[in-house]
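Right, one structure below, let's go through it.
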DNA sequence: GTCATCTTATCGGTTTTTCCGATCAGCCCC
DNA sequence: GGGGCTGATCGGAAAAACCGATAAGATGAC
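Chains as they are written, first to last, in my numbering: chain S, 27 to 326; chain W, 27 to 326.
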């Protein structure tokens with residue numbers, strides 16, 4: 027009496043379907059005695075007689091009839107479970123939760139997601155918009171599976187994996203009549219400017235990169251104001267508060283009346299867009315998505 | 027590779043729930059090695075890695091996570107299946123299809139059915155109204171499980187079981203001014219009467235019993251008319267077509283203006299109401315219903 | 001880096017279970 | 001009443017599940 031097993035159910039269904047132990051045994055390629063014993067085991071386990079063997083053709087009892095339906099359900103359920111596991115392992119079934127942030131991913135991102143959705147119709151895709159710091163936290167505690175984010179900072183860089191997709195060059199945002207409003211600007215020329223910054227909580231990578239660049243150029247920037255959205259920063263520049271440094275990819279969507287956007291001369295004047303994930307929680311679905319992103323040249 | 031078994035699922039769920047092979051093994055009272063082997067078997071059967079064992083705490087892979095849900099469903103389904111079989115065996119779950127016929131069962135029948143329904147709420151009761159000959163056929167081919175019917179005739183009496191519930195005495199239905207309209211009538215006094223009969227197809231038992239009684243009394247009845255419903259027969263008697271012989275239990279509901287109902291003197295002047303079933307297809311539910319009927323004194 | 005301590009995997013050997021083949025008893029039809 | 005079915009039962013063989021010991025790997029304290 028070691029508990030009911032699927033083998034019991036397989037045998038039981040066969041006996042019911044083929045209308046007898048001998049017939050079923052032939053179909054199953056087992057001996058009639060083995061079948062007989064297994065069914066007897068099952069019946070004693072249940073404490074229920076499943077077959078009426080008194081007549082020539084073995085026939086189900088009333089409880090047997092009901093149990094047959096349940097047994098069929100279980101067996102097909104078992105097949106389904108196996109299928110689920112295999113589909114999931116092959117990356118054709120499951121879920122992927124993606125973190126992104128505005129200003130990070132561009133218009134190509136939805137197109138890539140759409141392509142992934144089409145090639146993996148049985149994978150549920152959950153998109154979560156969150157700022158980079160929250161993305162890292164979400165990756166760490168498993169709330170999301172992959173993030174399109176800024177370069178990882180400690181401690182997250184210790185246990186998360188990341189891959190640079192794109193380098194967004196930084197541009198100086200200057201009033202049109204500004205004396206430095208030329209093609210390329212050397213950041214060292216901006217040492218006495220007044221700066222409108224993005225709040226550090228909103229975009230620490232940009233803020234820190236900016237500080238770093240100035241530091242390398244030998245000065246500490248005078249910050250006269252901060253804002254939380256790109257358009258507000260631009261508005262402040264238009265109003266003459268000061269100048270700003272913004273990543274190139276955000277500029278297209280911004281108003282540019284009265285402004286000039288100038289690339290910075292410094293080679294490292296750029297911030298990275300990376301995709302990051304937890305190496306402990308890799309899955310085939312995740313790898314498929316990564317592969318798609320890589321094949322698209324990382325252009326998200 | 028002998029196929030997935032419920033044991034594999036039980037072990038798998040335990041390992042997932044207790045977060046490790048060793049912990050699960052302690053809870054299951056099996057050795058860690060046994061558990062390890064079984065899970066390895068399962069994984070190779072599926073062709074899917076279910077756990078990530080690289081870290082201290084064993085953790086599910088993405089396919090493992092999905093498979094866990096399926097495994098839980100299957101295990102609780104297995105429990106449910108066992109429950110279904112046991113409930114059915116104890117007569118607390120299932121279906122019973124009952125055949126009856128008007129004129130056979132009386133006003134107490136619905137009350138008894140109602141009582142059975144209350145004591146067996148999970149048993150589906152299907153009531154089928156059909157004339158006795160059809161009841162027997164339905165019993166024979168398993169369309170119904172029990173019938174409240176007339177005494178079985180060959181060939182059905184050979185393989186169906188029956189039990190007499192009630193004897194309905196036969197009454198002579200006479201016009202009020204009939205010379206024999208007294209308390210008790212001897213059938214021999216009716217030898218020269220004209221008879222209104224129930225059509226044999228409608229009620230062969232009554233018809234045959236009537237013929238039998240007359241035959242025993244030494245005459246063959248003159249049948250002047252037949253009808254298919256009791257009220258029509260009575261109407262014909264009221265109209266002076268002849269006299270009739272009807273079972274007592276039908277008389278209450280019939281119009282009796284201008285008529286007298288007289289019991290017959292003959293001891294065997296009665297027809298039986300029986301319950302019949304197929305002994306090959308007995309079930310606990312069936313036996314419970316029979317028991318209820320018997321405890322009610324067969325008064326249906 | 002090393003040790004202590006946890007983890008799971010692997011290996012013989014034992015126990016348990018399943019399976020087989022033969023045989024027996026019951027039912028049905030001829 | 002035999003011949004041909006049925007399923008049940010038996011002893012022995014094959015397969016499996018299981019165990020205990022041990023190895024290999026990861027983690028965390030020092």
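In this text, a Cβ means the ideal position worked out from N, Cα and C, and glycines have one as well.
Bear in mind the structure is a predicted one, so any value in this text is a computation, not a measurement.
Check, Outcome
"Locate the beta strand (DSSP E) running through residue 301(S), then write down its first and last residues.", "296-303"
"Listing by chain order, which chain S residues have their CB less than 9 angstroms from the CB of residue 413(W)?", "Beyond the ends of chain W as shown, which are 27 and 326, falls residue 413(W); an answer cannot be given."
"Do the CB positions of residue 168(W) and residue 313(W) come within less than 8 angstroms of each other?", "no"
"8 angstroms is my cut-off, CB to CB: does residue 99(S) come that close to chain W?", "yes"
"Quick check: the Cα distance between residue 206(W) and residue 200(W), rounded to an integer number of angstroms?", "8 angstroms"
"Assuming residue 214(W) and residue 173(W) form a contact by the criterion Cβ under 8 angstroms, report the distance between their Cβ atoms to the nearest whole angstrom.", "Going by Cβ atoms, the distance from residue 214(W) to residue 173(W) rounds to 35 angstroms, so no, they are not a contact pair."
"Measuring only between beta-carbons, confirm whether residue 178(W) sits less than 8 angstroms from chain S.", "no"
"Leaving out the 5 sequence neighbours to the left and right, which residues in its chain are closer than 7 angstroms to residue 254(S) when beta-carbon positions are compared?", "225 and 228"
"Could you tell me the boundaries of the beta strand (DSSP E) in which residue 133(W) lies?", "Careful: residue 133(W) lies outside any beta strand (DSSP E) and carries neither H nor E."
"Where does the unbroken alpha helix (DSSP H) through residue 107(S) begin, and where does it stop?", "88-115"
"Taking its Cβ as the centre, do 16 or more other Cβ atoms sit within 10 Å of residue 317(W), making it buried, or is it exposed?", "exposed"
"If I'm right that residue 202(W) touches residue 120(W) with Cβ under 8 angstroms, what's the distance once you round it to whole angstroms?", "The pair is not a contact, with the Cβ atoms about 52 angstroms apart (cut-off 8 angstroms)."
"Report yes or no: do the segment 185-194 of chain W and the segment 291-305 of chain W share at least 3 C-beta pairs separated by less than 8 angstroms?", "yes"
"Within the 8 angstroms Cβ cut-off, does residue 147(S) reach chain W?", "no"
"Let me check understanding here. Comparing Cα to Cα, which of 125(W), 178(W) and 129(W) lies closest to residue 156(W)?", "125(W)"
"Look at the Cβ atom of residue 77(S), then the Cβ atom of residue 41(S), and state whether they are nearer than 8 angstroms.", "yes"
"So, using beta-carbon positions, are residue 131(W) and residue 326(W) closer together than 8 angstroms?", "yes"
"What residues from chain W crowd round residue 181(S), counting only those whose CB sits closer than 8 angstroms?", "The contacting residues do not exist; residue 181(S) stays about 18 angstroms from chain W at best."
"Whole alpha helix (DSSP H) runs in the segment 146-195 of chain W with 4 or more residues, listed along the chain?", "158-166 and 182-185"
"From this set, 250(W), 241(W), 38(W) and 123(W), which residue's C-alpha is nearest residue 91(W)'s C-alpha?", "38(W)"
"For residue 291(S), collect the residues of the same chain with a Cβ closer than 6 angstroms to its Cβ; drop the 5 residues on either side in sequence, then sort them by chain order.", "210 and 212"
"Measure how close the beta-carbons of residue 127(W) and residue 175(W) come, nearest whole angstrom, since I'm counting them as under 8 angstroms.", "7 angstroms"
"Taking the runs of the alpha helix (DSSP H) that are 4 residues or longer, which of them lie wholly in the segment 201-253 of chain W?", "230-242"
"By DSSP's criteria, residue 289(S) is part of a beta bridge. Which residues make up the other side?", "197(S)"
"Against chain S, does residue 112(W) count as a neighbour if the rule is that its beta carbon must be under 8 angstroms from one of theirs?", "yes"
"In whole angstroms, what is the alpha-carbon distance linking residue 163(W) and residue 180(W)?", "11 angstroms"
"Less than 8 angstroms between the CB atoms is what I'm expecting for residue 31(W) and residue 63(S), so what's the real figure, rounded?", "17 angstroms between Cβ atoms; not a contact."
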